[in-house]
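Take a look at the structure below.
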Amino acid sequence: MKSRVRRTFSLFIMLAALLVPLLLQALASHSRASATETGTDGYKEHCSGENGEEFKMESETSRRFLAVQKFLSPGVLKRDLPVCKGPRGKPYGISCFPPPSNPRYRACSKIYRCRA
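Numbering (mature numbering (1 follows the signal peptide of the UniProt record, and there is no 0)), first residue to last: -28 to -1, 1 to 88.
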């Protein structure tokens, strides 16, 4: 009687050892198939636009948060140069402004009413 129980138990263990990997493989292939049907590869970051690009976030802040670029600009990597490309020792405000579009060409300003 004990040998029959042992034999049945060992048969059950062997069947379980064979069926569990098959079941896991079937579940994995099913999840891959459903991911390709929805247009994703299993990760939320890679969802395509028509399937809900912003993960169904309704606020403008959430949209802007998702649109943030995740790379460094080339200027960030130049630690030894000032931000506005000015010479060393000069304040940043001098070189941050663009050059004037209409530079003054008169000898004196209108305020002083210079007469020639």
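For glycine and all other residues, C-beta sits at the position ideal for the given N, C-alpha and C.
Would you identify the three-state DSSP class for V(-9), choosing helix, strand or coil? Here residue -9 refers to the residue found at position 20 of the sequence shown. V(-9) falls in the helix class under three-state DSSP.
Helix, strand or coil: how does DSSP classify A(-3) here? The residue labelled residue -3 in the question sits at position 26 within the sequence shown. If DSSP states are grouped into helix, strand and coil, A(-3) belongs with the helices.
If we ignore side chains and look at the alpha-carbon of each, how far apart do V40 and E32 end up? In the sequence shown, counting from the first residue as 1, residue 40 sits at position 68. In the sequence shown, counting from the first residue as 1, residue 32 sits at position 60. If you take the alpha carbons of V40 and E32, they lie about 13 Å apart.
In this structure, how does DSSP classify S73 when only helix, strand and coil are distinguished? Along the sequence shown, one-based indexing puts residue 73 at 101. Residue state, collapsed to three classes: coil.
For F(-17), the three-state DSSP class (helix, strand or coil): Translated into positions along the sequence shown, residue -17 becomes position 12. F(-17): helix per DSSP, three-state reduction.
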